[in-house]
Amino acid sequence: MFYYLDGIVAHVEPYLAVIDCGGVGYACRTTNTTLGQLQKGKRGRLYTYLNVGEDVFDLYGFATQGELGSFRQLLNVSGVGPKAALALLSAVTPEGLAMAVITGDEKTLTMAPGVGKKIAQRIILELKDKLAKEQLSGGFASSTAAAPLSGGKAVEAAQALSVLGYSNADVAAAMKGIDVDALPLEEIVRQALRRMVK
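For the sequence shown, the numbering used here begins at 986 and goes up steadily by one.
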(Lines of atoms letter the chains of each structure in order from A and count residues from 1; the text may use other names and numbers.)
(Lines give C-alpha, C1' and ligand atoms only; values in the text may rest on other atoms or scores of the structure.)
Protein backbone atom coordinates (compact mmCIF):
# COMPACT_ATOMS: atom_id res chain seq x y z
CA MET A 1 0.00 0.00 0.00
CA PHE A 2 2.79 2.45 0.95
CA TYR A 3 6.14 2.12 -0.84
CA TYR A 4 7.93 4.83 1.12
CA LEU A 5 7.28 7.92 3.22
CA ASP A 6 9.21 11.10 2.52
CA GLY A 7 8.81 14.07 4.83
CA ILE A 8 10.01 15.85 7.96
CA VAL A 9 11.04 13.72 10.92
CA ALA A 10 8.60 15.00 13.57
CA HIS A 11 9.43 12.67 16.45
CA VAL A 12 11.81 9.83 17.34
CA GLU A 13 11.90 7.44 20.27
CA PRO A 14 13.18 3.89 20.71
CA TYR A 15 11.83 1.72 17.88
CA LEU A 16 9.58 4.53 16.56
CA ALA A 17 9.87 7.42 14.10
CA VAL A 18 7.08 9.80 13.09
CA ILE A 19 7.34 11.22 9.56
CA ASP A 20 5.24 14.29 8.76
CA CYS A 21 4.04 14.03 5.14
CA GLY A 22 1.87 16.98 4.12
CA GLY A 23 0.57 17.58 7.65
CA VAL A 24 -0.10 13.92 8.46
CA GLY A 25 2.22 12.20 10.93
CA TYR A 26 2.90 8.55 10.08
CA ALA A 27 4.16 6.53 13.04
CA CYS A 28 6.64 3.92 11.81
CA ARG A 29 8.06 1.21 13.99
CA THR A 30 11.72 0.92 13.12
CA THR A 31 15.21 -0.24 14.07
CA ASN A 32 17.98 1.50 15.98
CA THR A 33 19.98 1.45 12.73
CA THR A 34 17.36 3.51 10.92
CA LEU A 35 16.83 5.82 13.91
CA GLY A 36 20.56 6.56 13.84
CA GLN A 37 20.16 7.95 10.31
CA LEU A 38 17.21 10.24 11.11
CA GLN A 39 17.35 13.75 12.61
CA LYS A 40 14.33 15.41 14.17
CA GLY A 41 13.28 18.44 12.12
CA LYS A 42 15.15 17.23 9.01
CA ARG A 43 13.81 15.51 5.91
CA GLY A 44 13.80 11.72 5.97
CA ARG A 45 12.66 8.84 3.79
CA LEU A 46 11.56 5.44 5.06
CA TYR A 47 10.78 2.39 2.90
CA THR A 48 7.70 0.85 4.43
CA TYR A 49 6.02 -2.43 5.27
CA LEU A 50 2.36 -2.47 6.36
CA ASN A 51 1.43 -5.25 8.78
CA VAL A 52 -2.32 -5.83 8.85
CA GLY A 53 -3.98 -8.46 11.01
CA GLU A 54 -7.12 -9.09 13.02
CA ASP A 55 -6.17 -6.61 15.77
CA VAL A 56 -3.11 -5.10 14.12
CA PHE A 57 -2.49 -2.22 11.70
CA ASP A 58 1.19 -1.30 12.06
CA LEU A 59 3.49 0.55 9.70
CA TYR A 60 7.22 -0.28 9.70
CA GLY A 61 9.83 1.96 8.13
CA PHE A 62 13.47 1.44 7.14
CA ALA A 63 16.20 3.77 5.89
CA THR A 64 17.28 1.37 3.13
CA GLN A 65 15.64 -1.17 0.88
CA GLY A 66 18.22 -3.70 2.06
CA GLU A 67 17.00 -3.37 5.64
CA LEU A 68 13.37 -3.66 4.49
CA GLY A 69 14.27 -6.78 2.47
CA SER A 70 15.93 -8.33 5.51
CA PHE A 71 12.87 -7.53 7.63
CA ARG A 72 10.59 -9.26 5.11
CA GLN A 73 12.89 -12.31 4.95
CA LEU A 74 12.86 -12.60 8.74
CA LEU A 75 9.04 -12.44 8.83
CA ASN A 76 8.99 -15.48 6.52
CA VAL A 77 10.80 -17.53 9.16
CA SER A 78 8.33 -19.47 11.34
CA GLY A 79 8.26 -18.12 14.88
CA VAL A 80 9.75 -14.72 13.96
CA GLY A 81 7.34 -11.82 14.29
CA PRO A 82 7.81 -8.11 13.64
CA LYS A 83 9.08 -7.43 17.18
CA ALA A 84 11.84 -10.06 16.94
CA ALA A 85 12.73 -8.96 13.40
CA LEU A 86 13.14 -5.34 14.58
CA ALA A 87 15.27 -6.48 17.53
CA LEU A 88 17.50 -8.52 15.19
CA LEU A 89 17.96 -5.66 12.73
CA SER A 90 18.72 -3.30 15.61
CA ALA A 91 21.47 -5.66 16.79
CA VAL A 92 22.99 -6.48 13.37
CA THR A 93 23.08 -4.76 9.99
CA PRO A 94 21.50 -6.45 6.96
CA GLU A 95 25.02 -7.47 5.85
CA GLY A 96 25.71 -8.87 9.33
CA LEU A 97 22.48 -10.86 9.22
CA ALA A 98 23.32 -12.29 5.81
CA MET A 99 26.84 -13.22 6.92
CA ALA A 100 25.50 -14.86 10.11
CA VAL A 101 23.11 -17.00 8.04
CA ILE A 102 25.76 -18.00 5.49
CA THR A 103 28.35 -18.85 8.15
CA GLY A 104 25.89 -20.41 10.64
CA ASP A 105 26.80 -17.85 13.33
CA GLU A 106 24.09 -18.28 16.00
CA LYS A 107 26.00 -16.15 18.50
CA THR A 108 25.59 -12.99 16.41
CA LEU A 109 21.83 -13.53 16.10
CA THR A 110 21.34 -14.18 19.83
CA MET A 111 22.78 -10.71 20.60
CA ALA A 112 19.29 -9.37 19.81
CA PRO A 113 17.02 -9.11 22.87
CA GLY A 114 14.38 -11.84 22.89
CA VAL A 115 16.16 -13.99 20.30
CA GLY A 116 17.29 -17.25 21.83
CA LYS A 117 19.37 -20.07 20.45
CA LYS A 118 16.36 -21.98 19.03
CA ILE A 119 15.08 -18.97 17.06
CA ALA A 120 18.61 -18.21 15.83
CA GLN A 121 18.99 -21.82 14.63
CA ARG A 122 15.60 -21.68 12.89
CA ILE A 123 16.51 -18.41 11.09
CA ILE A 124 19.78 -19.92 9.85
CA LEU A 125 18.14 -23.20 8.82
CA GLU A 126 15.14 -21.70 7.01
CA LEU A 127 17.04 -18.96 5.18
CA LYS A 128 19.77 -21.42 4.15
CA ASP A 129 17.03 -23.81 2.93
CA LYS A 130 15.60 -21.00 0.81
CA LEU A 131 19.01 -20.48 -0.77
CA ALA A 132 19.45 -24.20 -1.41
CA LYS A 133 16.05 -24.36 -3.16
CA GLU A 134 16.98 -21.38 -5.37
CA GLN A 135 20.23 -23.08 -6.33
CA LEU A 136 18.48 -26.39 -7.12
CA SER A 137 15.92 -24.61 -9.28
CA GLY A 138 18.80 -23.34 -11.40
CA GLY A 139 17.94 -19.66 -11.01
CA PHE A 140 20.98 -18.87 -8.91
CA ALA A 141 23.40 -20.74 -11.15
CA SER A 142 22.14 -19.14 -14.35
CA SER A 143 22.23 -15.62 -12.94
CA THR A 144 25.73 -15.99 -11.55
CA ALA A 145 26.86 -17.31 -14.89
CA ALA A 146 25.62 -14.10 -16.51
CA ALA A 147 28.10 -12.08 -14.45
CA PRO A 148 31.46 -13.80 -14.33
CA LEU A 149 31.76 -14.73 -10.66
CA SER A 150 34.79 -16.79 -9.89
CA GLY A 151 35.80 -18.35 -6.61
CA GLY A 152 34.10 -19.23 -3.34
CA LYS A 153 33.98 -15.65 -2.02
CA ALA A 154 31.92 -14.50 -4.99
CA VAL A 155 29.41 -17.31 -4.54
CA GLU A 156 29.21 -16.71 -0.77
CA ALA A 157 28.67 -12.97 -1.33
CA ALA A 158 25.93 -13.71 -3.88
CA GLN A 159 24.28 -16.08 -1.39
CA ALA A 160 24.45 -13.44 1.34
CA LEU A 161 22.75 -10.90 -0.93
CA SER A 162 20.08 -13.45 -1.83
CA VAL A 163 19.38 -13.89 1.89
CA LEU A 164 18.58 -10.17 1.98
CA GLY A 165 15.83 -10.75 -0.58
CA TYR A 166 17.48 -9.44 -3.75
CA SER A 167 16.73 -11.27 -6.98
CA ASN A 168 19.45 -13.32 -8.62
CA ALA A 169 19.56 -10.93 -11.60
CA ASP A 170 20.02 -7.91 -9.30
CA VAL A 171 22.79 -9.70 -7.39
CA ALA A 172 24.64 -10.63 -10.59
CA ALA A 173 24.41 -7.07 -11.94
CA ALA A 174 25.55 -5.50 -8.66
CA MET A 175 28.57 -7.80 -8.35
CA LYS A 176 29.77 -7.21 -11.89
CA GLY A 177 33.08 -5.35 -11.78
CA ILE A 178 33.78 -5.88 -8.06
CA ASP A 179 37.28 -7.24 -7.48
CA VAL A 180 36.22 -10.30 -5.48
CA ASP A 181 39.75 -11.70 -5.27
CA ALA A 182 41.22 -8.62 -3.59
CA LEU A 183 38.41 -7.82 -1.12
CA PRO A 184 37.20 -9.54 2.05
CA LEU A 185 33.75 -11.13 1.87
CA GLU A 186 32.00 -8.47 3.97
CA GLU A 187 33.38 -5.66 1.78
CA ILE A 188 32.16 -7.43 -1.38
CA VAL A 189 28.65 -7.60 0.14
CA ARG A 190 28.81 -3.93 1.22
CA GLN A 191 29.89 -2.70 -2.22
CA ALA A 192 27.21 -4.74 -3.99
CA LEU A 193 24.56 -3.43 -1.56
CA ARG A 194 25.62 0.17 -2.20
CA ARG A 195 25.16 -0.38 -5.94
CA MET A 196 21.71 -1.91 -5.48
CA VAL A 197 20.45 0.84 -3.17
CA LYS A 198 21.43 3.70 -5.56
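The beta carbon of each residue, even a glycine, is placed where N, CA and C say it ideally should be.
Bear in mind the structure is a predicted one, so any value in this text is a computation, not a measurement.
#1: Using 8 Å as the threshold, is the C-beta distance between ALA995 and LEU1020 below it?
#2: Can you name the start and end residues of the beta strand (DSSP E) that ASP1005 belongs to?
#3: So if DSSP puts GLU1039 in a beta bridge, which residue, or which two residues, is it bridged to?
#4: Does the Cβ of PHE929 have 16 or more other Cβ atoms within 10 Å, making it buried, or fewer, making it exposed?
#5: Taking one C-beta from the region 1040-1056 and one from the region 1074-1087 each time, how about it: are there three or more such pairs within less than 8 Å?
#6: I need the straight-line Cα distance from ASN1153 to THR1095, nearest angstrom please.
#7: My assumption, with CB atoms under 8 Å, is that ALA1097 sits in contact with SER1075. Please give the rounded CB distance.
#8: How is GLY1066 classed by DSSP in three states: helix, strand or coil?
#9: Excluding the five sequence neighbours on either side, which residues of its own chain have a C-beta within less than 7 Å of the C-beta of VAL997, listed in chain order?
#10: In angstroms, rounded to a whole number, what distance separates the CA positions of VAL1009 and ASP1114?
#11: Excluding the 5 residues preceding and the 5 following CYS1006 in the sequence, name in chain order all residues of the same chain whose CB lies nearer than 6 Å to its CB.
#12: Taking SER1147 as the reference, which of ALA1072, ALA1083, TYR1032 has the closest Cα?
With the structure as the only source:
#1: Cβ distance not < 8 Å, so ALA995 and LEU1020 don't count as in contact.
#2: Residues 1001-1006.
#3: GLU1039 pairs with nothing; no bridge assigned.
#4: The structure shown does not extend to residue 929, since the chain spans only 986 to 1183, so no value can be given for it.
#5: Cβ pair count under 8 Å is three or more, so yes.
#6: Taking the Cα positions, ASN1153 is about 29 Å away from THR1095.
#7: Right, the Cβ-Cβ distance comes to about 7 Å (below 8 Å), so this counts as a contact.
#8: It is coil, neither helix nor strand.
#9: Cβ neighbours of VAL997 within its own chain (closer than 7 Å, five residues either side excluded): LEU1020, LEU1023, LYS1025.
#10: Taking C-alpha positions only, VAL1009 is separated from ASP1114 by approximately 42 Å.
#11: LEU990, GLY992, listed in sequence order.
#12: Minimum Cα distance to SER1147 is reached at ALA1083.
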